[in-house]
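First the structure, in the form of structure tokens, and then the observations on it.
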Amino acid sequence: GQQVMQIPQYQHVQEGEDFTTYCNSSTTLSNIQWYKQRPGGHPVFLIQLVKSGEVKKQKRLTFQFGEAKKNSSLHITATQTTDVGTYFCAGGGSGGSNYKLTFGKGTLLTVNP
Amino acid sequence: NAGVTQTPKFRILKIGQSMTLQCAQDMNHNYMYWYRQDPGMGLKLIYYSVGAGITDKGEVPNGYNVSRSTTEDFPLRLELAAPSQTSVYFCASTLTAYNQPQHFGDGTRLSIL
Chain R
17 GQQVMQIPQY QHVQEGEDFT TYCNSSTTLS NIQWYKQRPG GHPVFLIQLV
67 KSGEVKKQKR LTFQFGEAKK NSSLHITATQ TTDVGTYFCA GGGSGGSNYK
117 LTFGKGTLLT VNP
Chain H
-5 NAGVTQTPKF RILKIGQSMT LQCAQDMNHN YMYWYRQDPG MGLKLIYYSV
45 GAGITDKGEV PNGYNVSRST TEDFPLRLEL AAPSQTSVYF CASTLTAYNQ
95 PQHFGDGTRL SIL
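So the sequences go chain by chain: R and H. Note that the working numbering gives residue 76 to position 60 of the first sequence, counting from 1, and the numbers run on in steps of one. Note that the working numbering gives residue 98 to position 104 of the second sequence, counting from 1, and the numbers run on in steps of one.
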């Protein structure tokens, strides 16, 4: 079945440093979604990418979808303590399984003030 | 607007006991999902439903059952609780199938001793 690998598993940064997490799928995706989960909380939707090579920005966050629609990245510029949490990518299957998401294991980001 | 509501928030069960985790959404979403989240393992799909009366297995369905008698409710049943089912359970919903973000409940933290 479809597998989504996400690296790194953990990342600790000093406030103000940049952060990037990477996501790779074993199969071509219909779309990729990114979620953020604060400690003790539930996943919250951040963004969705659909088109090959798509790049979207949300303030200090930049999301990219690879040309082959099999990989993606999330980059945070100048991290803040409010960025702490686990970031998950989730790949949408193609064809008849497009309503199911396969989640990566997530990257836990901690920020030292 | 309540969104996705899960009850209970916490529960401790003894091995062999049964219980039902409740999930309700008030957004008139057609698609509903149950995930379990183990530390460092991301979210794994247990069961999903594409509409009232229709359910299907996800990645890790063993030991669980679901029903979907109404659009709003999607309960998850554990018949014979086992220690391996200790986890955090999240219910999610989405309006339509394709390329839609999932809205998550706050989760149920379940321990089986």
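Beta carbons: idealized from backbone N, C-alpha and C, even for Gly.
Chain H has a Cβ within less than 7 angstroms of the Cβ of K121/R. Among the residues facing chain R, P95/H is included, as its CB has a counterpart in that chain under 7 angstroms away. Remark: C-beta atoms of I63/R and F79/R approach each other more closely than 7 angstroms.
Shown here, D99/R sits in a helix according to DSSP, grouped into three states.
The Cβ of F81/R sits no closer than 7 angstroms to any Cβ of chain H. Rounded to the nearest whole angstrom, the CA to CA distance from S43/H to E66/H is 11 angstroms. DSSP places I9/H in no beta strand (DSSP E); its state is neither H nor E. In the three-state scheme derived from DSSP, where H, G and I count as helix and E and B as strand, S78/H is classed as helix.
M26/H sits buried, since 16 or more C-beta atoms from the chains shown fall within 10 Å of its C-beta. Per DSSP, G45/H is one residue of the beta strand (DSSP E) stretching across 37 to 45.
For F4/H, no CB of chain R lies under 7 angstroms from its own CB, so it is not counted at the interface with that chain. In chain order, Q49, Y51 place their CB closer than 7 angstroms to the CB of F61/R, counting only its own chain and leaving out the 5 sequence neighbours on each side. Runs of the beta strand (DSSP E) lying entirely within the segment 51 to 83 of chain R, each at least 3 residues long, are 60 to 65, 71 to 74, 77 to 81 in chain order.
Three or more beta-carbon pairs separated by less than 8 angstroms are not found between the segment 1 to 18 of chain H and the segment 35 to 42 of chain H, which leaves the two stretches without contact. In this structure, L70/H lies near W28/H, with their beta-carbon atoms less than 7 angstroms apart.
In this chain, the beta strand (DSSP E) harbouring A18/H covers 13 to 19.
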